[in-house]
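Residue numbers (our numbering): 1127 to 1250.
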């Protein structure tokens, strides 16, 4: 099963001190593959800089490399659109804290993992 990481989810390790990778393993009991989509990488690259979100984006990008997260190239330029299409077509789980994206995914019956409280993940 694919577990798709959204941009805002990759900011959590720096912003909230949450080990998203351990938490995903804890919550998703079946065998899974961590992945993200090419527009998410573009969003992270656009965020990287000296600001708080910029530093968090740099940390997120480093974690993608360290954890060898699989990246899928997709035709969509918009990350949310790409995630909705990929997840619904492939029955993937999506990790996001974006309220609008969560709503769109739920309408398509896609499972969504999000931050619960300030230190752990759970299904929305």
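Even for Gly, the Cβ is constructed at its ideal location relative to N, Cα and C.
So, using beta-carbon positions, are residue i and residue j closer together than 8 Å?
i	j	result
residue 1181	residue 1213	no
residue 1130	residue 1150	no
residue 1169	residue 1203	no
residue 1153	residue 1239	yes
residue 1144	residue 1138	yes
residue 1167	residue 1197	yes
residue 1195	residue 1222	no
residue 1219	residue 1127	yes
For the alpha helix (DSSP H) that residue i lies in, which residues bound it at each end?
i	result
residue 1232	1225 to 1233
residue 1238	From DSSP, residue 1238 is part of no alpha helix (DSSP H) but of the beta strand (DSSP E) over 1238 to 1242.
residue 1207	1205 to 1216
residue 1165	1164 to 1173
Taking the beta strand (DSSP E) that residue i falls in, what are its first and last residues?
i	result
residue 1248	1246 to 1249
Can you tell me which residues form a DSSP beta bridge with residue i?
i	result
residue 1131	1221
residue 1159	1128
residue 1138	Paired residue(s): none; residue 1138 is not in a bridge.
For residue i, which of helix, strand or coil comes out of DSSP?
i	result
residue 1194	coil
residue 1144	coil
residue 1202	coil
residue 1185	helix
residue 1251	The requested residue 1251 does not occur in the structure, where the chain is confined to residues 1127 to 1250.
Looking at the C-beta of residue i, does it have a partner C-beta in chain D at a distance below 8 Å?
i	result
residue 1187	Here there is only one protein chain, and chain D is not present.
At a cut of 8 Å, does the region 1220 to 1235 reach the region 1167 to 1183 through at least three beta carbon pairs?
no
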